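Here the structure is laid out as structure tokens; the discussion comes afterwards.
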Amino acid sequence: MYIIGYDATGKVLQRTKVNVKAEPVTTGTITPNAYVLGTDTYVKGTFTGDVAKVSITVNGVVKQTINTPTSPFQYYAKDKILNLTDVVTVTAYDATGKVLDTKPVTVTKNNGQAGNVIADRYKLGKDSYVTGSYTGDVAKVSLEVNGTELQKIKVTGGKVKYYAKPQINSTTDVVKLNAYNSAGVLVSSKTVLISATEGTVTANEFVLGTDAYVKGVVTGDVAKVALKVNGVVKSAIPATAGSYQYYAKTLITSETDVVEVVAYDAIGEVLNTATVQVSKPATNETKGTVTPQAFKIGTHSYVDGTYTGDVSKVELEVNGVKYSQIPANGNVIHYYAAGLIKDGTDDVKVNVYDAAGKLLDSKPVTINVATGTVAANGVKVGDSYLTGTATGDVYKVTLKVNGTDQASVAFVQPDGTYKYYIKALNLQPTDVVEVIGLDNRGRQINTTPVTITQ
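Set out below in structure tokens:
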């Protein structure tokens, strides 16, 4: 390219070459993120190409341009974007201020995060709460029954527990558990399966005059049982899975009474019934025997022995006199008789009875008297002790001096010997002295004379 200069006549005065330089071409794009009102503070996004500056326009008003040397960018907008209806765009410029791109910014509200709820089965007549669990962003739940949504309640800890006893009344009710996130947005809804209660009851036989309670077992969702006697239902009592007992002694009075146990769930629905068989006590004949051991006067203090069968009480009878009955225990008898049996000629029996007082057996007791001998060694005048031996049932010895019984005694040792102190008696050869052998009750068994020498 040249620049040519002319005079007034058109004559070329000068011709100069001009170098022409082309301006560089800039390009670029911008992509803004959605702006969440009430949550976000900045309009954010990314750009490409020669973008060096950005601005935002709100409802037709262009706001300040800011430098954006690198992508991504952010533009403070909290005090500029105030409503969901605001029309917002972001504009990208090159370094010279040339507009490279303009994009709309979507303004939304905070919809929170995703969440999920799981509802457990609800058993009508047993459960009072709809329960379940949740994951994610769940802040509140509500129950919806047959299209009517009930109050929202807060939940924490991943568990749901919603009181529903007054609202769910039938297995045909359509029930949903709704979950809302922290922004109040419905994020999950699950159908609650409604099922009916079920359970069984059994009843044991009731024996008149023996049993006081009707007893049995309940299973499943049984919460209460009642007794029905001759068509009249009595008051219900609590009963949960396992054994139960219902006081019936004053309610069931005849073998002809028609008796049932009625099982209910928690809301009073009848789940099951069971017939109670009413019977009289079995008339089993009681039996028993007794075998007493021999009793030795002066040696034994108890009548001992054994018994078999249905023996409940033991009685001692001496010479026709019956003494107090004592409980029988462990198939052995042990009856204190030291003060009752006094002579070998006593007529002694052991009588045994059942629990009702019926005499089952009576056996005589063999009475033995104490036996034994006593022997004495000779003594001299001035000796301190009289010695000797004893046999059999001789338990102790005493002296009779010139017809007078002495008060002191000497006990027979395990080896059969005894030693009696006599020095204080000053015995002389002319004295008549006897050793008397006694049993452990002090009864005389045997005597022997004592020889005294100088």
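Under the numbering used here, the first residue of the sequence shown is numbered 32, with each subsequent residue one higher.
Beta carbons: idealized from backbone N, C-alpha and C, even for Gly.
Being a predicted model, the structure only gives us computed values, none of them experimental.
- Burial state of K42 is exposed, judged by a 10 Å Cβ sphere holding fewer than 16 other Cβ atoms.
- For the pair K311 and V400, the CB atoms are not nearer than the 9 Å cut-off.
- Between D288 and V260, the C-beta spacing is below 9 Å.
- Our two residues, A407 and P480, have alpha carbons roughly 7 Å apart in a direct line.
- Bounds of any beta strand (DSSP E) do not take in S285, whose DSSP letter is neither H nor E.
- When DSSP states are grouped into helix, strand and coil, A270 belongs to the coil group.
- Contact between Q485 and K373 is ruled out by a C-beta separation of about 44 Å, above the 8 Å threshold.
- Annotation for S220: K207, N209 place their beta carbon closer than 6 Å to its own, counting only its chain and skipping 5 residues before and after.
- The secondary-structure analysis by DSSP pairs Y426 with nothing; it has no beta-bridge partner.
- In the assembly as shown, G409 is an exposed residue. Its beta-carbon has fewer than 16 other beta-carbons within 10 Å.
- Remark: fewer than three beta-carbon pairs, one from each stretch, lie closer than 8 Å, so the segment 431-439 and the segment 377-394 are not flagged as touching.
- Its chain contains L44 as the residues whose beta carbon lies nearer than 8 Å to that of D38, once the 5 sequence neighbours on both sides are disregarded; these appear in chain order.
- Using a C-beta cut-off of 8 Å, the segment 162-173 makes contact with the segment 133-147, since at least three inter-stretch Cβ pairs fall below that distance.
- A contact is defined here as three or more CB-CB pairs under 8 Å, and the segment 124-142 meets this definition with respect to the segment 56-73.
- If the five residues before and after P103 are omitted, its C-beta is found closer than 7 Å to the C-beta atoms of K75, G76, T77, all from its own chain and listed in chain order.
- Residue range 73-80 is occupied by the beta strand (DSSP E) that includes T79.
- Annotation for D470: G329, A401, D424, Y426, I476 place their beta carbon closer than 6 Å to its own, counting only its chain and skipping 5 residues before and after.
- Exposed is the label assigned to Y416, since fewer than 16 other Cβ atoms lie within 10 Å of its Cβ.
- Cβ atoms of A234 and T250 stay farther apart than 8 Å, at about 13 Å.
- If you keep only unbroken beta strand (DSSP E) runs of at least 3 residues inside the segment 400-464, you get 405-407, 416-421, 427-432, 448-452.
- With contacts defined by Cβ atoms closer than 9 Å, I268 and A257 form a contacting pair.
- Residue ranges of uninterrupted beta strand (DSSP E) with 3 or more members, entirely inside the segment 239-268 and ordered along the chain, are 244-249, 255-260.
- A residue is called buried once 16 or more other Cβ atoms fall within 10 Å of its Cβ, and T397, having fewer, is exposed.
- Note on geometry: alpha-carbon atoms of Y277 and L224 lie some 35 Å from one another.
- Spatial neighbours of G178 in its own chain (CB-CB distance under 8 Å, excluding positions within 5 residues in sequence) are listed in chain order as V205.
- Contact check for K84 and T96: beta-carbon distance about 5 Å, within the 8 Å limit, so the pair qualifies.
- When DSSP reads this structure, D335 sits in a beta bridge with H365.
- When DSSP reads this structure, S393 sits in a beta bridge with N382.
- Unbroken beta strand (DSSP E) runs of no fewer than 3 residues, entirely contained in the segment 297-329, are found at 301-307, 319-323, following chain order.
- DSSP, read as helix, strand or coil, puts L217 in strand.
- Close CB contacts of Y244 within its chain, under the 7 Å cut and outside five residues either way in sequence, are with Q276, Y277, Y278, A279 (chain order).
- CA-CA distance, E180 to G299, rounds to 27 Å.
- Excluding sequence positions up to five before and after K318, its CB lies within less than 8 Å of the CB of G340, D341, L391, all in the same chain and listed in chain order.
- Beta-bridge pairing by DSSP links R46 to I35.
- Here DSSP, grouped into helix, strand and coil, assigns D470 to coil.
- For the 9 Å CB-CB criterion, A294 and K255 form a contact.
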